[in-house]
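In the UniProt record's numbering, the protein residues as written are 1 to 237. No residue lacks a Cβ here, since even glycine has one placed at the ideal position from N, Cα and C. Quick caveat, the model's predicted, so the values are computed rather than measured. Written below as structure tokens is the structure these notes are about.
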């Protein structure tokens, strides 16, 4: 099952925690969940050029704390903080709680699965060869210290009549190992031939503590050393 299930959901409460962190009674839960979805979709749309990796939403008593992890914080902050203030006001209008907005820089975007997937999607939309885009993303991640990475692309690759799935992997990606720190994300590329789906798994090491917040403490600590080279393949569907 480790090969099929979402690696993030499988590791919740083991070495990873949720991106939405709050408690609500059953009568308020649906409204707050919908509010979280709208906030995330708005940020993704409004800050599309900023490289949004994660949006964490916490709700202490009568407050809403939104933390945006981005590869380009300057795009969100703007000149003298003008843009971030506009964004904060727009987000505040979407919730009844007092809103606090924080920006966290992703210093190594090559090791963030969401940013890697979106980068490959952007290349495919610019008609870059899917093999070149995959290999470029894999090599960048391995060069920055990843212990393993796998990239899947699926759809009408290269404008082919029959959709298929191709993948490329370097290093090792132990999906069955719960203590493995695996980052996973997916993205979609809108091409003239249809939608191409991209999935990315990045293995960053092992987390020995049984603590949901352990992954965040280890976020900037990457193990060094060369990783063994893997192989790629193809499967028609």
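In whole angstroms, give me the CA-to-CA distance for residue i and residue j.
i	j	result
residue 72	residue 109	10 Å
residue 173	residue 96	43 Å
residue 113	residue 10	16 Å
residue 83	residue 176	43 Å
residue 140	residue 34	36 Å
residue 132	residue 121	12 Å
residue 88	residue 101	6 Å
residue 241	residue 167	The structure shown does not extend to residue 241, since the chain is modelled only from 1 through 237, so no value can be given for it.
residue 3	residue 149	14 Å
residue 26	residue 190	38 Å
residue 127	residue 198	15 Å
residue 37	residue 61	20 Å
residue 44	residue 164	29 Å
residue 125	residue 81	32 Å
residue 47	residue 19	18 Å
residue 67	residue 8	19 Å
My guess is that residue i and residue j are in contact by the Cβ rule of under 8 Å, so how many angstroms apart are they, rounded?
i	j	result
residue 151	residue 106	That pair is no contact at about 19 Å.
residue 49	residue 75	6 Å
residue 155	residue 196	4 Å
residue 157	residue 130	5 Å
Can you have a look at residue i and say buried or exposed, based on whether 16 or more other CB atoms are within 10 angstroms of its CB?
i	result
residue 116	buried
residue 12	exposed
residue 236	Confidence in residue 236 is poor, its pLDDT being 49 and thus under 50, which makes the residue's placement unreliable; the coordinate value appears in the next sentence. Answer is exposed; the Cβ neighbour count stays below 16.
residue 184	buried
residue 193	exposed
residue 15	buried
residue 70	buried
residue 134	buried
residue 187	buried
residue 162	exposed
residue 30	exposed
residue 231	Note that residue 231 has pLDDT 46, beneath the 50 cutoff, so the model's placement of it is unreliable and no number is given.
residue 51	buried
Tell me which same chain residues have a C-beta within less than 8 Å of the C-beta of residue i, skipping the five on either side of it?
i	result
residue 223	Residue placement at residue 223 cannot be trusted, given a pLDDT of 35 that sits under 50; what the coordinates show is reported in the next sentence. Closer than 8 Å at the Cβ level, and outside the excluded window around residue 223, lie 145, 147, 204 and 205.
residue 94	35, 38, 39 and 42
Quick one: residues in its chain with C-beta nearer than 7 Å to the C-beta of residue i, no 5 flanking neighbours on either side, listed in chain order?
i	result
residue 58	21, 22 and 65
residue 92	99
residue 180	174, 203 and 206
residue 208	179
residue 137	116, 119, 120 and 151
residue 142	149, 170, 171 and 227
Tell me which same chain residues have a C-beta within less than 6 Å of the C-beta of residue i, skipping the five on either side of it?
i	result
residue 229	Its pLDDT being 45, under 50, residue 229 is placed unreliably in this model, and the coordinates cannot settle the point.
residue 32	24
residue 53	69, 106, 112, 114 and 115
residue 160	none
Under 9 Å between C-beta atoms, does residue i make it to chain C?
i	result
residue 10	Structure shown: chain C not included; a single protein chain is present.
Legend entry - Contiguous beta strand (DSSP E) assignments of at least 3 residues, all confined to the segment 151-216: 164-171, 180-191 and 194-206
Inset, instruction - Tell me the start and end of each unbroken alpha helix (DSSP H) in the segment 21-106 that is at least 4 residues and wholly inside, in chain order. - result: 26-46, 73-77 and 82-92
Inset, instruction - Enumerate, from N- to C-terminal direction, the unbroken beta strand (DSSP E) stretches of 3 or more residues contained entirely within the segment 106-144. - result: none
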